[in-house]
Amino acid sequence: MTTPTTPLFAFLVAGSLALACNRDKAPADPPSAAPAALSSPACGHAACGDGYFVDALPSSCAVGEVCTLALTLVATGDYHINDEYPYKFKGDDAPGLEFQGKSADGRGVFTKAAGDWTKTDEKTGRMGVAFTSRDAADKHVSGIFKLSVCSAQNCRLEQPRLDARVAVR
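Here this note's numbering is used: the first residue of the sequence shown is 3, the next is one more, and so on.
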């Protein structure tokens, strides 16, 4: 027995299957989840989100010397670096680690205004996070990176939590 709703039902099922096949590889956050960024090993970067990813690359680091962690933001797809945004990294306190930030907001804060942010090209920018360590050990440099990427349709304001392991020798 065929009812008038059968073609509608078939259309909805086919549409649902098409959407499921076109889903991104990263799991979607439920609408109630606050951050859009993922800090999972599955993403392959320090953080990933819609329209961007962040890599955290440490320089060689020795006890008592100023070390730098380069946070490289890469806009993906139709997105580009937002020139107007005041990029900022706020480092978490960690035992034996002292940030060397120049920002008026404190030593653990790195900002565009303080000269810590450099736009490399339309899709790439870099935040330099300077610190010293009082002892030789693996250290975790973590904190919140406030960033923005834009497309022709919208700008995304993101605050992913980053955690990078740095070997201090």
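Ideal placement from N, C-alpha and C gives every residue a C-beta, glycine not left out.
In summary, Asp118 is buried, with 16 or more beta-carbon neighbours lying within 10 Å of its beta-carbon over all protein chains present. Contact between Arg128 and Thr74 holds: CB atoms are separated by about 5 Å, below the 8 Å threshold.
CA-CA distance, Val143 to Leu99, rounds to 8 Å.
A check of alpha carbon separations from Glu86 across Leu164, Ala96, Lys121 identifies Lys121 as the nearest.
The shortest CA-to-CA distance from Ala49 to any of Asp123, Ala154, Ser153, Thr78 is the one to Thr78. In this structure, Leu164 is the residue among Val170, Val168, Leu164, Arg171 with its C-alpha nearest to the C-alpha of Gly46. By the Cβ neighbour-count rule, Glu160 is buried, with 16 or more other Cβ atoms within 10 Å of its own.
For the pair Ala132 and Lys90, the Cα-to-Cα distance works out to about 13 Å. Burial is judged here by how many other beta carbons sit within 10 angstroms of a residue's own beta carbon; Val68 has fewer than 16 and is exposed. Note: Glu100 is bridge-paired with Thr134 in the DSSP secondary-structure output. For Lys141 and Asp95, the gap between their C-alpha atoms comes out near 11 Å. Under the rule that a run must span 3 or more residues, the beta strand (DSSP E) segments found entirely inside the stretch 140-166 read 140-152, 157-160.
In this structure, the alpha-carbon of Val170 lies about 43 Å from that of Gln155. Secondary-structure assignment with DSSP links Val168 through a beta bridge to Lys141.
Bridge partners of Cys69 according to DSSP: Phe133. Of all alpha-carbon atoms in Thr70, Lys125, Gly108, Thr113, the one lying nearest the alpha-carbon of Tyr54 is that of Lys125.
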